[in-house]
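Residue numbers (the working numbering): 2 to 170.
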């Protein structure tokens, strides 16, 4: 089952269990978030499209963390005028785990657990004390040393000898 929701001026297609990154929403990690602007709900049997919204439909999620997004660089330039300006910023964004979809006689829930990011972990991450989601150390397979027969090096061509007629002064 899926739903199309509208938040932050954008539309997202979500299913139960999806991890969704949206514009900043108010709230702390672990709080429930409820989206009321549902444009469409569908499943294998068919879809219900709202006009413009589906009545009585809602998508429920858990706020996982609020963080800063990737850097956005703004570069302005005017040709041949010596005018160049560089600015940049990082937008705040919220990570949400969708836990349920209800409405139009259909419902879908997610049975998993939501792992939250605490404020202490965010502060440690900002000071580079704790790396983000460190994957388990992957052991590189050892490469067996294989003897490779070396090819003999090619001889450089002989240099031309200077003739006595060329060195007349």
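Ideal placement from N, C-alpha and C gives every residue a C-beta, glycine not left out.
All values reported here derive from a predicted model rather than from experimental measurement.
*Which stretch, first to last residue, makes up the beta strand (DSSP E) that contains residue 1?*
Absent from the model: residue 1. The displayed extent of the chain is 2 to 170, so no value can be given.
*asked:* Using only the alpha-carbon positions, how far apart do residue 26 and residue 33 sit?
replied: Sequence index remark: in the chain shown, residue 26 carries index 25 (1-based). Sequence index remark: in the chain shown, residue 33 carries index 32 (1-based). Going by the C-alpha atoms only, they are around 11 Å apart.
*Taking DSSP as the reference, what is the three-state secondary structure of residue 157?*
Here residue 157 is taken as the residue at index 156 of the chain shown, counted from 1. DSSP places residue 157 in coil when its eight states are reduced to three.
*Between the Cα of residue 58 and the Cα atoms of 122, 163, 5, 116, which residue gives the shortest distance?*
By one-based count along the chain shown, residue 58 stands at place 57. If we check each option's Cα against that of residue 58, 5 comes out closest.
*At least 3 beta-carbon pairs within less than 8 Å: the region 14-24 vs the region 96-115*: yes
_Nearest-angstrom Cα separation, counted from residue 47 out to residue 3_ = For the purposes of this step, residue 3 is taken as the residue at position 2 of the chain shown. For the purposes of this step, residue 47 is taken as the residue at position 46 of the chain shown. So the alpha carbons of these two residues sit roughly 11 Å apart.
_Rounded to whole angstroms, what is the Cα-Cα separation between residue 173 and residue 81?_
Given that the chain is displayed from residue 2 to residue 170, the structure contains no residue 173 and the question cannot be resolved.
*Residue interval of the beta strand (DSSP E) (run including residue 33)*: Position 32 of the chain shown, counting from 1, holds the residue named residue 33. That run of the beta strand (DSSP E) goes 33-36.
*Euclidean distance between Cα positions of residue 21 and residue 94*: Numbered from 1 along the chain shown, position 20 holds the residue referred to as residue 21. Numbered from 1 along the chain shown, position 93 holds the residue referred to as residue 94. Taking the straight line joining both Cα atoms gives about 10 Å.
*Alpha-carbon spacing of residue 103 relative to residue 56, whole angstroms*: Taking the first residue of the chain shown as 1, we reach residue 103 at position 102. Taking the first residue of the chain shown as 1, we reach residue 56 at position 55. Looking at the two C-alpha atoms, the distance is approximately 11 Å.
*List the endpoints of the continuous beta strand (DSSP E) containing residue 21.*
Along the chain shown, read from residue 1 onward, the residue named residue 21 stands at position 20. Here the beta strand (DSSP E) through residue 21 covers 20-24.
_C-alpha gap between residue 70 and residue 24, whole angstroms_ = Within the chain shown, residue 70 is the residue found at index 69, counting from 1. Within the chain shown, residue 24 is the residue found at index 23, counting from 1. Straight-line Cα distance between these residues: approximately 10 Å.
*Count the other CB atoms, across all protein chains shown, that sit within 10 Å of the CB of residue 66; report buried if there are 16 or more and exposed otherwise.*
If you number the chain shown from 1, residue 66 lands on position 65. The residue is buried, with at least 16 neighbouring Cβ atoms inside 10 Å.
*asked:* Can you check which of these residues, 28, 30, 37, 29, is closest to residue 8 by C-alpha distance?
replied: Here residue 8 is taken as the residue at index 7 of the chain shown, counted from 1. Closest option to residue 8, Cα to Cα, is 37.
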